[in-house]
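Student: First the structure, then my questions, so here it is.
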Amino acid sequence: MHIGLRPVLAVTVALVALSVVTGRSADPTYSAIQLQLADLLIAEERFPEALEAFTRAKESATGPQLFRARRGMVHSMLRLARFADARVEADAALAEAPDDPEAIAMYGDTLWAAGLFDEAEQIFLDVLARDPSVARGHHGRGKSLMSLNKLEAALEAAQRALALSPRDGEFHHTVGTIYKRMHRYEEAAVAFGNYVNLLPNKDQSQRAAWSRAQIRFLRSLGRRVPFDMEPDVAEQLHTVPFRLVQDKIIVKASVNGHREIDFVVDTGAEQTVVSREVAAESNVRPIVYTLSAGVGEVGLRGLQLGWIDSIEIGSLKMDNVPCLIKNPALTGIPRREVESFSPLAAGFSLTVDYERSQLTFGRRIPRDRADFVLPLRQHRLVTVRGTVNDQDVSFVVDTGGEVISISSQTASTLNRRPVVRHLPLRVYGSSGWDPDAFLLPGIDLMFNTISFPNYPVVVLNLQAPSALLGFQVGGTIGHNFLSRYRVAIDLEQSVVRLQDIS
């Protein structure tokens, strides 16, 4: 006889209540019941309640129970985008079991979620050196290799993790993400399907619904090739003029053979974006809805996802380009949402020459002289490492942005917080107005040897983008930083090269 999840959950809740009434909260049996309750709550994606149950389970827990409770807390906190709290809990678990490879790997996962990718990579390598059978070590190494655009090696590592732990849905999802980056969409769809099938409540799960939409979108292309180009077009460098409008790089592009229109070159976007009006005029057909996130009080937005049959920018002609359609459109903003294009989303490296007002992009770009070189990671978006008052964080390289910003989370954890009055700002982003934005003077920034002492930064609520990306975005670097240099974002070499033009 099949017993539904909710009746089991109700029985478990009753047992918890009984154990509290009878004064057994100091008994390991109580911890065992709380752990069972927490697991059931996670199956229903009720992560805040699961977190409370895991917290109660730590009371008088045995050693194995305590680790299981901490592991559950870390999992729940990561799902709730409470990255800093997850790191604290994983640190406690590691302190209690410093030689346990599982505890070490879990700590590595929280370093990754904190945007400390280099430190996380070293942890995963250390784990595998101790015990090559730790699946999460291989999984972490796969994510790290993917962020360095070493996709074949990343796929091998992620599949090794799957071989060791074939019922871990997260591993299947990572394999699907790597296949998607490789433009192998059918294999990506299969991997995402495996992920959905392993979700404990797949018929009602919101995660399952979004993943099914992604699968449908990937398969809607059929036998066509994504980002398809003629061989000579794919291998050449493309150089186009641009103009700066309100600190944004604007190029001309044609969608589906229609008239040329303005596109913002936006490396802070995961894919090409068109407005509802342009989609209708250019016959860009929506396929599914997907989740998007940006700066603004709306936070997470459900937007349409479709295919551009062809896009032309200068000498580039590319077919079958995935795009976000800004539908439904935002209201109450000072101007309409604009079209944007990120060469990085198509796998192109790029050079922005602010002096000559030229944009150059291609699969490979020249390795020109640089005054500064910043290692980059591409975890959905391109990030570089920086410090804010000596605190290490990851900054998104955002050619569509105007300022240097830090997240409100980064601002709240500064080691040396300046004693100054916050200056409220009117800021709007891709998710509307940010009512909590403010200017914070007196911040010391450092990027490699590039120093911005006593600098005023814009503080933004980046919680929604961080939650969607799966790591804490520490801030963004936009036009105010980038325009001082000839900027080369080289995906092949995983570096940002900066040539001083000031």
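Add 17 to a position in the sequence shown, counting from 1, and you land on the number used in this note's numbering.
Cβ atoms here follow ideal geometry from the backbone N, Cα and C, with glycine treated the same way.
Keep in mind the model is a prediction, meaning the values are calculated, not measured.
Let me know if N471 comes out buried or exposed under the rule of 16 or more other beta-carbons within 10 Å of its beta-carbon.
Tutor: Counting from 1 along the sequence shown, the entry for residue 471 is found at position 454. Exposed: under 16 other Cβ atoms inside 10 Å.
Student: Would the region 474 to 484 count as touching the region 441 to 453 if we require 3 or more Cβ pairs under 8 Å?
Tutor: At 8 Å Cβ cutoff, the stretches touch.
Student: Can you give the Cα-Cα distance for V291 and E76, rounded to whole angstroms?
Tutor: The count along the sequence shown starts at 1 and reaches residue 291 at position 274. The count along the sequence shown starts at 1 and reaches residue 76 at position 59. Distance between the alpha carbons of V291 and E76 is about 53 Å.
Student: Could you check if P339 is buried or exposed, using at least 16 other CB atoms within 10 Å of its CB as the buried criterion?
Tutor: Looking up residue 339 in the sequence shown gives position 322. The residue in question, P339, is buried, as its Cβ has 16 or more Cβ neighbours within 10 Å.
Student: Can you tell which of L333, M463, G159 has its C-alpha closest to the C-alpha of V405?
Tutor: The count along the sequence shown starts at 1 and reaches residue 405 at position 388. Of the candidates L333, M463, G159, the one whose C-alpha sits nearest the C-alpha of V405 is M463.
Student: At the level of alpha carbons, what is the spacing between G459 and L431?
Tutor: In the sequence shown, the residue the question calls residue 459 occupies position 442. In the sequence shown, the residue the question calls residue 431 occupies position 414. For G459 and L431, the distance between alpha carbons rounds to 12 Å.
Student: With 16 as the cutoff for other CB atoms within 10 Å, does D126 come out buried or exposed?
Tutor: Position 109 of the sequence shown, counted from the first residue, corresponds to residue 126. Buried, by the Cβ-count rule.
Student: By the DSSP assignment, the beta strand (DSSP E) with R402 in it spans what residues?
Tutor: Here residue 402 is taken as the residue at index 385 of the sequence shown, counted from 1. Its beta strand (DSSP E) spans residues 398 to 405.
Student: Using only the alpha-carbon positions, how far apart do I423 and D44 sit?
Tutor: Locating residue 423 in the sequence shown gives position 406, where the first residue counts as 1. Locating residue 44 in the sequence shown gives position 27, where the first residue counts as 1. Approximately 46 Å, taken between the alpha carbons.
Student: What is the rounded straight-line gap between the Cα of L308 and the Cα of H439?
Tutor: Indexing the sequence shown from 1 puts residue 308 at position 291. Indexing the sequence shown from 1 puts residue 439 at position 422. Near 32 Å, if we compare the C-alpha coordinates of H439 and L308.
Student: Please check the pair L367 and I382, which I expect to be a contact at CB under 8 Å, by giving their CB distance rounded to whole angstroms.
Tutor: The residue you call residue 367 lines up with position 350 of the sequence shown. The residue you call residue 382 lines up with position 365 of the sequence shown. Contact holds; Cβ gap of about 7 Å.
Student: Going by other Cβ atoms of all chains shown within 10 Å of its Cβ, with 16 needed for buried, is L57 buried or exposed?
Tutor: For the purposes of this step, residue 57 is identified with residue 40 of the sequence shown, where counting begins at 1. Burial call: buried.
Student: How long is the line joining the alpha carbons of T79 and G364, rounded to whole angstroms?
Tutor: For this step, residue 79 is matched to residue 62 along the sequence shown. For this step, residue 364 is matched to residue 347 along the sequence shown. Taking the straight line from one Cα to the other gives about 50 Å.
Student: I need the boundaries of the beta strand (DSSP E) containing D270, first residue and last residue.
Tutor: Along the sequence shown, read from residue 1 onward, the residue named residue 270 stands at position 253. What sits at residue 270 in the sequence shown is Ala, not Asp. Looking at the DSSP string, the run of the beta strand (DSSP E) that includes A270 is 265 to 272.
Student: Please list the terminal residues of the continuous alpha helix (DSSP H) segment that includes P243.
Tutor: For the purposes of this step, residue 243 is taken as the residue at position 226 of the sequence shown. Going by DSSP, P243 is part of no alpha helix (DSSP H) at all; its letter is neither H nor E.
Student: Rounding to the nearest angstrom, what Cα-Cα distance links I121 and A152 in this structure?
Tutor: In the sequence shown, residue 121 corresponds to position 104, counting from 1. In the sequence shown, residue 152 corresponds to position 135, counting from 1. Distance between the alpha carbons of I121 and A152 is about 12 Å.
Student: Could you check what DSSP says for I140 in three-state terms: helix, strand or coil?
Tutor: To locate residue 140, count along the sequence shown from 1; it is residue 123. Helix, per DSSP.
Student: Grouping DSSP H, G and I as helix and E and B as strand, with all else coil, what is M123?
Tutor: For the purposes of this step, residue 123 is taken as the residue at position 106 of the sequence shown. M123: helix per DSSP, three-state reduction.
Student: Should P248 go down as buried or exposed, given a rule of 16 or more other Cβ atoms within 10 Å for buried?
Tutor: Within the sequence shown, the letter at position 231 stands for residue 248. Classification of P248: exposed, given that the 10 Å Cβ count is below 16.
Student: If we ignore side chains and look at the alpha-carbon of each, how far apart do H156 and W227 end up?
Tutor: Taking the first residue of the sequence shown as 1, we reach residue 156 at position 139. Taking the first residue of the sequence shown as 1, we reach residue 227 at position 210. Going from the Cα of H156 to the Cα of W227 covers about 23 Å.
Student: Less than 8 Å between the C-beta atoms of T289 and F244, yes or no?
Tutor: Along the sequence shown, one-based indexing puts residue 289 at 272. Along the sequence shown, one-based indexing puts residue 244 at 227. Their beta carbons are not under 8 Å apart, which means T289 does not touch F244 by this criterion.
Student: Do L216 and G239 have their C-beta atoms within less than 8 Å of each other?
Tutor: As a working note, residue 216 is residue 199 in the sequence shown. As a working note, residue 239 is residue 222 in the sequence shown. Not in contact: L216 and G239 (Cβ atoms no closer than 8 Å).
Student: Is G154 near L162, with beta carbons less than 8 Å apart?
Tutor: Position 137 of the sequence shown, counted from the start, is the residue given in the question as residue 154. Position 145 of the sequence shown, counted from the start, is the residue given in the question as residue 162. Taking 8 Å as the Cβ cut-off, G154 and L162 do not qualify as a contacting pair.
Student: So, with DSSP's three-state summary, where would you put S425?
Tutor: Here the question's residue 425 lines up with position 408 in the sequence shown. If DSSP states are grouped into helix, strand and coil, S425 belongs with the helices.
Student: Using a beta-carbon distance below 8 Å, is F244 in contact with chain D?
Tutor: Among the protein chains of the structure shown there is no chain D, as only one such chain exists.
Student: Pick helix, strand or coil for H155, following the three-state DSSP scheme.
Tutor: In the sequence shown, residue 155 corresponds to position 138, counting from 1. In the structure shown, H155 sits in a helix (DSSP, three-state: H, G or I).
Student: Smallest Cα separation from H396: which of R158, M123, A55, E61?
Tutor: As a first step, residue 396 must be located in the sequence shown, where it is residue number 379. The shortest Cα separation from H396 among R158, M123, A55, E61 belongs to R158.
Student: Do you know whose CA, among F209, S182, P183, lies nearest I195's CA?
Tutor: Counting from one through the sequence shown, the residue named residue 195 turns up at place 178. Minimum Cα distance to I195 is reached at F209.
Student: Do you know how far the Cα of A107 is from the Cα of G89?
Tutor: The residue given as residue 89 occupies position 72 in the sequence shown. The residue given as residue 107 occupies position 90 in the sequence shown. So the alpha carbons of these two residues sit roughly 10 Å apart.
Student: Find out if the Cβ-Cβ distance for the pair V420, G495 is shorter than 8 Å.
Tutor: Within the sequence shown, residue 420 is the residue found at index 403, counting from 1. Within the sequence shown, residue 495 is the residue found at index 478, counting from 1. Contact: yes.
Student: I'd like to confirm the pairing. Which residues does DSSP put opposite G492 in its beta bridges?
Tutor: Here residue 492 corresponds to residue number 475 of the sequence shown, with the count starting at 1. G492 pairs with F412, I423.
Student: Consult DSSP for N471 and reduce its assignment to one of helix, strand or coil.
Tutor: Walking along the sequence shown from the start, residue 471 turns up at place 454. Here N471 sits in strand by DSSP.
Student: Could you spell out the range, first to last residue, of the beta strand (DSSP E) harbouring T46?
Tutor: Working through the sequence shown from its first residue, we reach residue 46 at position 29. From DSSP, T46 is part of no beta strand (DSSP E) but of the alpha helix (DSSP H) over 45 to 60.
Student: Quick one: what's got a C-beta closer than 7 Å to R73's C-beta in the same chain, skipping five residues either side?
Tutor: Counted from its first residue, the sequence shown places residue 73 at position 56. Counting only Cβ-Cβ distances below 7 Å, and skipping sequence neighbours, we find Q51.
Student: Please work out which residues of its chain come closer than 6 Å, Cβ to Cβ, to K197, disregarding the five sequence neighbours upstream and downstream, and give them in chain order.
Tutor: For this step, residue 197 is matched to residue 180 along the sequence shown. Answer for K197: A205, listed in chain order.
Student: Determine which residues share a DSSP beta bridge with D336 and list them.
Tutor: Position 319 of the sequence shown, counting from 1, holds the residue named residue 336. D336 pairs with D245, S327.
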